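**Q** Numbering (this note's numbering), first residue to last: 68 to 236. Cβ coordinates follow ideal geometry from the N, Cα and C atoms, glycine included. Keep in mind the model is a prediction, meaning the values are calculated, not measured. Could you have a look at this structure, given as structure tokens, before my questions?
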Amino acid sequence: SYSLAGFIFAASSSVLLVWMGGKESLVYLRIFAGIIMLLLAFYIARIWNGLLFVERSGQVLWKFIKPLAQYFLPLKHPALAFPLGFFWGWLPCGLVYSNLIWAISTGDGINGLMIMLGFGLGTFPAMMLVGSLSHKLKKLLNKQWFRYGSGLILAVFAIQTLSVAIDQI
């Protein structure tokens, strides 16, 4: 679902870029992506929770998808885990949305797909461990050094994205 969303939104942005005047618009999308990534870094570090409104806005789409996802619950067979995961990937999440904005800023469907595929693969180990190690994982995620470290890494990446975009102006 992440890869599909990355492809759809990034391919749509490429059409929008042509309509808006080409590559110059892409620079502004990258600046927007960098700002959102920086705000997400603050959110992860629990310095600022302003991105909660983004998650709330995703509730509109989730209202339509949730009944489809609930059809597969409780999980009756391992083969049903894939369609459940596909629908569950549309669950409102600020972290997903920020990566999706980065994918959109590429202006290319394949690049958007690859960014979201990388995001999905990067979150896969954590999702697999959530059930078995949820108590230990929760302790780690709540440690201040872990939150600040994760936020700092994302902030550096956001600044790099902003720097590349601003250099193109």
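1) Would you call the region 107–116 in contact with the region 157–172, where contact means no fewer than 3 C-beta pairs closer than 8 Å?
2) Measure the C-alpha to C-alpha separation of residue 167 and residue 97 and round it to an integer number of angstroms.
3) Just checking, does the region 74–89 make contact with the region 205–223 on the three C-beta pairs under 8 Å criterion?
4) Within the same chain, show all residues whose beta-carbon is closer than 8 Å to that of residue 147, passing over the 5 residues directly before and after it, in chain order.
5) Assuming residue 76 contacts residue 171 (C-beta within less than 8 Å), just tell me the rounded distance between them.
6) Could you give the distance in angstroms between the alpha-carbon of residue 189 and the alpha-carbon of residue 221?
7) Closer than 6 Å: is that where the CB of residue 103 sits relative to any heavy atom of the ligand HEM?
8) Start and end of the alpha helix (DSSP H) containing residue 168?
9) Going by alpha carbons, who is nearest to residue 227 out of 133, 141, 102?
10) Enumerate in chain order the residues of its own chain whose CB-to-CB distance from residue 121 is below 6 Å, with the five nearest sequence positions on each side excluded.
**A** Let's see:
1) A contact exists between the region 107–116 and the region 157–172.
2) About 12 Å.
3) These segments do not touch.
4) Hits under 8 Å: 139.
5) Right, their Cβ atoms sit about 5 Å apart.
6) So the two alpha carbons sit approximately 14 Å from each other.
7) Looking for the ligand HEM in the displayed structure turns up nothing, as the structure carries no ligands at all.
8) Boundaries of the alpha helix (DSSP H) harbouring residue 168: 161–171, taken from the DSSP string.
9) If we check each option's Cα against that of residue 227, 102 comes out closest.
10) Beyond the five residues adjoining it in sequence on each side, residue 121 comes within less than 6 Å, by CB distance, of 161, 164 in the same chain, given in chain order.
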